[in-house]
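Residues 11 to 129 (the numbering used here) are what the sequence shown spells out, left to right. Glycine residues also receive a C-beta, built at the ideal position from the N, C-alpha and C atoms. See below for the structure under consideration.
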Amino acid sequence: MKHFTKHETVNNDSCTSLYSGVSKDELDKEVDKLFKYRGYKLKEGTPGNATYEKGSKTMRILFGAFAKHFVFKIKSYSNEPDTVKVTVVKGTSGIAGGLVGMKQVKNELTRISNVLETI
């Protein structure tokens, strides 16, 4: 069953999505599974309050936009019963990859925002 309700905010640095009919723990597991499926590794924290990373920062510095490196911070919280908000914030600007790298990070945030709609 799809729990996504709407995006509360979407901008160049973050997106906040609203979900209903699901507990925070269940949604945290789904978001964790989604990130791991997309090739991200849990860098620090626990599902629901975590930092996910994909690629190598060193390779990004050495090879610029030719090497992928994305970092996103995830925070979920519930203010009301059966309503959960998930905020995804860029953990890196992509500047090591130049303008192309910055655009890649922005596009990845957009892709993640779209994938979060499937939960």
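8 Å Cβ cutoff met for residue i and residue j
i, j, result
"K100", "D42", "no"
"K201", "F80", "The structure shown has nothing for residue 201, since the chain only spans 11 to 129."
"L44", "I129", "yes"
"V96", "L37", "yes"
"V20", "S123", "yes"
Beta-ladder partner(s) of residue i, from DSSP
i, result
"S1", "In this structure the chain extends from 11 to 129, so residue 1 is not present and cannot be described."
"T210", "Since the displayed the chain opens at 11 and closes at 129, residue 210 lies outside it and no answer follows."
"K64", "F80"
"K113", "BP columns for K113 are empty, so no partner."
"F14", "Y29"
Rounded separation between residue i and residue j - CA only
i, j, result
"L110", "T102", "For the record, residue 110 in the displayed sequence is Val; it is not Leu. Whole-angstrom Cα-Cα distance: 14 Å."
"D92", "S30", "5 Å"
"Q114", "T120", "10 Å"
"E18", "I84", "15 Å"
"S27", "N59", "15 Å"
DSSP-derived helix/strand/coil call for residue i
i, result
"G104", "coil"
"T56", "strand"
"K39", "helix"
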